[in-house]
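Chains as they are written, first to last, in the working numbering: chain A, 478 to 670; chain B, 112 to 395.
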């Protein structure tokens, strides 16, 4: 008898979980969020315009990545694609692109029931061995994964739209580091290739 | 405030931020051996609804006794896990003193650590409602509604509106993450709007969560984020100070005030009086 009662309670719990999970999937707002026309660094996350490479460095390693085909709704759900490289010095002025990666960022409605909610789909950008979490298809963490503290990464916006245009040693690059509170906005027209 | 069975107020007390009772505009002094409460009544439940011992004048908070006349606990703070200085932060010297009350900042009521899960929301709301004169059924109803805010549609989304329900940072309509100051403003406005619209449960939920710094300044990133285990366990095992701070915030809301205003931003100064326009003298 207690077994039957426990089974009933478990089935009831699953039903509630499924119901709440389904209710979380209902779309709230269908409006599209306008694409970013500038780089916004901070607080904690960076919002990137479509198609332009961002350099990332930590220690002696330098990488680059960009977002493409960004489609984002007002509620933060949507998709984008990314491609990334690790840049390796061969000679002082030349670089080679290695460890190329690409993937789809897919931010779906939150599922689950409090506190066991999760974001289905892929919400990480891989740059070499580094991983950066995304809250929306164009909002990328400036620290590894979804960390809330500074992991030592620095980012520089570029006007480069093809890998061959990237000049990682350009003196005009503006490197921005993780900041928990402040916001730095850099228009595309103001950045070096 | 104490109410009669008919719902009429029969006793109400005023206290300084550290708990000394104010009667007729004067702060009452306490001395050991004083057998009668100094306000001349038999009401023993005083500061934040805690029982005041008539002999010693100390308030009983469950884990420790508090001396409101000096604004200090009479015993050191303690933790379940053996620790030299529990709940301390080296960059905040106030936390190294195990006898101070809410880090000597009774108006901010922010606890050094902790969270609140639904059962804690329910318990804190129920006690706050009962101690502000609500009936048992009304208090239980409000407690259930406050706990249920965590399960409302969209409650766990990462946008700013829903994150501010829990005193957390969310994604703004412009696509960037809120700063801590912006989330404070958003949470404060959430409480204001909820109180205006009669959604007391949402206002209570927001102020109770706001007393927990693991919500304050943080963004919700779900069950697979690194911070989830800490978030989950601290939600279920809040510190006594977290519970007390949340309770105090809830009492303030039930008294019709927004407790986040003095924490996050001082009340705006009253608008300057407009100079009276020169009166036209009618031509005779």
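Think of the CB as a built atom: it goes at the ideal place given N, C-alpha and C, for glycine as much as any other residue.
- Query: Which residue's Cα is closest to the Cα of residue 573 of chain A: A/660, A/648 and A/641?
  - Reply: Here residue 573 of chain A refers to the residue found at position 96 when the first chain is read from its first residue. Residue A/641 is the option with its Cα nearest to residue 573 of chain A.
- Query: Which class does residue 518 of chain A belong to by DSSP, given the choice of helix, strand or coil?
  - Reply: For the purposes of this step, residue 518 of chain A is taken as the residue at position 41 of the first chain. Reduced to three states, the DSSP call for residue 518 of chain A is strand.
- Where residue 623 of chain A falls: helix, strand or coil (DSSP): The sequence position of residue 623 of chain A within the first chain is 146, counting from 1. Residue state, collapsed to three classes: coil.
- Query: Any idea if residue 228 of chain B is buried or exposed, counting beta-carbon neighbours within 10 angstroms, 16 or more meaning buried?
  - Reply: The residue given as residue 228 of chain B occupies position 117 in the second chain. Buried is the label assigned to residue 228 of chain B, since at least 16 other Cβ atoms lie within 10 Å of its Cβ.
- Item | Neighbourhood of residue 261 of chain B by C-beta distance below 6 Å, restricted to the same chain and skipping five residues each side | Taking the first residue of the second chain as 1, we reach residue 261 of chain B at position 150. The answer, listed in chain order, is 229.
- Using the DSSP secondary-structure output, state which residues sit across from residue 545 of chain A in a beta bridge. For the purposes of this step, residue 545 of chain A is taken as the residue at position 68 of the first chain. Looking at the DSSP assignment, residue 545 of chain A forms a beta bridge with A/558.
- Message: I'd like the span of the alpha helix (DSSP H) that includes residue 273 of chain B, first residue to last.
- Response: Along the second chain, read from residue 1 onward, the residue named residue 273 of chain B stands at position 162. Following the DSSP letters along the chain, one finds residue 273 of chain B inside the alpha helix (DSSP H) bounded by residues 271-275.
- Based on the DSSP output, what are the partners of residue 583 of chain A in its beta bridges? Locating residue 583 of chain A in the first chain gives position 106, where the first residue counts as 1. In DSSP, residue 583 of chain A forms a bridge with A/556.
- Task: Say whether the region 597-617 of chain A touches the region 580-587 of chain A, bearing in mind that this needs 3 or more beta-carbon pairs closer than 8 Å, one atom from each stretch.
- Result: A contact exists between the region 597-617 of chain A and the region 580-587 of chain A.
- Message: Once DSSP output is grouped into helix, strand and coil, what is the label at residue 523 of chain A?
- Response: Taking the first chain and counting its residues from 1, one reaches residue 523 of chain A at position 46. In the structure shown, residue 523 of chain A falls within a strand segment according to DSSP collapsed to helix, strand and coil.
- Identity of the residue in B/285, B/284 and B/263 nearest residue 591 of chain A by Cα: Residue mapping note: residue 591 of chain A aligns to position 114 of the first chain, counting from 1. Ranking the options by Cα distance to residue 591 of chain A, first place goes to B/263.
- Query: residue 300 of chain B: buried (16+ other C-beta within 10 angstroms of its C-beta) or exposed?
  - Reply: Locating residue 300 of chain B in the second chain gives position 189, where the first residue counts as 1. With fewer than 16 Cβ atoms within 10 Å of its Cβ, residue 300 of chain B is classed as exposed.
- Task: On the DSSP bridge assignment, give the partners of residue 618 of chain A in chain order.
- Result: Stepping through the first chain from its first residue, residue 618 of chain A is reached at position 141. For residue 618 of chain A, DSSP records a beta bridge to A/522.
- Where does the unbroken beta strand (DSSP E) through residue 533 of chain A begin, and where does it stop? Indexing the first chain from 1 puts residue 533 of chain A at position 56. That run of the beta strand (DSSP E) goes 531-535.
- First and last residue of the alpha helix (DSSP H) that includes residue 259 of chain B? Numbered from 1 along the second chain, position 148 holds the residue referred to as residue 259 of chain B. 247-259 is the span of the alpha helix (DSSP H), which, as asked, contains residue 259 of chain B.
- Task: Can you grab the Cα-Cα spacing for the pair residue 304 of chain B / residue 363 of chain B, in whole Å?
- Result: Against the second chain, residue 304 of chain B aligns to sequence position 193. Against the second chain, residue 363 of chain B aligns to sequence position 252. One C-alpha to the other measures close to 16 Å.
- Between the Cα of residue 268 of chain B and those of A/630, A/586 and A/617, spot the shortest distance and give me the residue it belongs to. The sequence position of residue 268 of chain B within the second chain is 157, counting from 1. With distances taken between CA atoms, residue 268 of chain B lies nearest to A/586 out of A/630, A/586 and A/617.
- From the DSSP output, which residues share a beta bridge with residue 573 of chain A? Position 96 of the first chain holds residue 573 of chain A. Looking at the DSSP assignment, residue 573 of chain A forms a beta bridge with A/565.
- Task: Quickly, what does DSSP pair residue 540 of chain A with across the bridge? List them, please.
- Result: Residue numbering aside, residue 540 of chain A sits at position 63 when the first chain is read from its first letter. DSSP lists A/533 and A/563 as partners of residue 540 of chain A.
- Message: Against chain B, does residue 516 of chain A count as a neighbour if the rule is that its beta carbon must be under 8 Å from one of theirs?
- Response: Looking up residue 516 of chain A in the first chain gives position 39. No, no contact with chain B.
- Message: Just to confirm my understanding: we take residue 565 of chain A, look at its own chain, exclude 5 residues before and 5 after, and list those with CB closer than 6 Å. What are they?
- Response: Here residue 565 of chain A refers to the residue found at position 88 when the first chain is read from its first residue. The residues are 573 and 575.
- Establish whether the CB of residue 513 of chain A and some CB of chain B are separated by less than 8 Å. As a first step, residue 513 of chain A is located in the first chain; it is residue number 36 there, counting from the start. Yes, residue 513 of chain A counts as interfacial toward chain B.
- Task: Alpha carbon to alpha carbon, how far is residue 528 of chain A from residue 534 of chain A? Give it in angstroms, no decimals.
- Result: Counting from one through the first chain, the residue named residue 534 of chain A turns up at place 57. Counting from one through the first chain, the residue named residue 528 of chain A turns up at place 51. In this structure, the CA atom of residue 534 of chain A is about 19 Å from the CA atom of residue 528 of chain A.
- State the Cα-Cα distance for the pair residue 662 of chain A and residue 238 of chain B, rounded to the nearest angstrom. On the first chain, residue 662 of chain A is found 185 positions in, with the first residue counted as 1. On the second chain, residue 238 of chain B is found 127 positions in, with the first residue counted as 1. Each residue's CA atom was taken as its position, placing residue 662 of chain A and residue 238 of chain B some 47 Å apart.
- Task: Spell out whether any CB of chain A is found under 8 Å from the CB atom of residue 284 of chain B.
- Result: What you label residue 284 of chain B is simply residue 173 of the second chain in a count that begins at 1. Closer than 8 Å: yes.
- Query: Who are the near neighbours of residue 626 of chain A in its chain, counting only those whose CB is closer than 6 Å to its CB and skipping five residues on each side?
  - Reply: On the first chain, position 149 is the one that residue 626 of chain A refers to. Hits under 6 Å: none found.
- Would you decide whether residue 292 of chain B is buried or exposed? Buried here means 16 or more other CB atoms lie within 10 Å of its CB. Reading the second chain from its first residue, position 181 is the one you call residue 292 of chain B. With fewer than 16 other Cβ atoms inside 10 Å of its own Cβ, residue 292 of chain B counts as exposed.
- Task: Please name the residue in A/631, A/540, A/536 and A/624 whose C-alpha comes closest to that of residue 643 of chain A.
- Result: The count along the first chain starts at 1 and reaches residue 643 of chain A at position 166. For residue 643 of chain A, the nearest C-alpha among the options comes from A/540.
- Query: Would you say residue 309 of chain B faces chain A, with C-beta separation under 8 Å as the test?
  - Reply: As a first step, residue 309 of chain B must be located in the second chain, where it is residue number 198. No, no contact with chain A.
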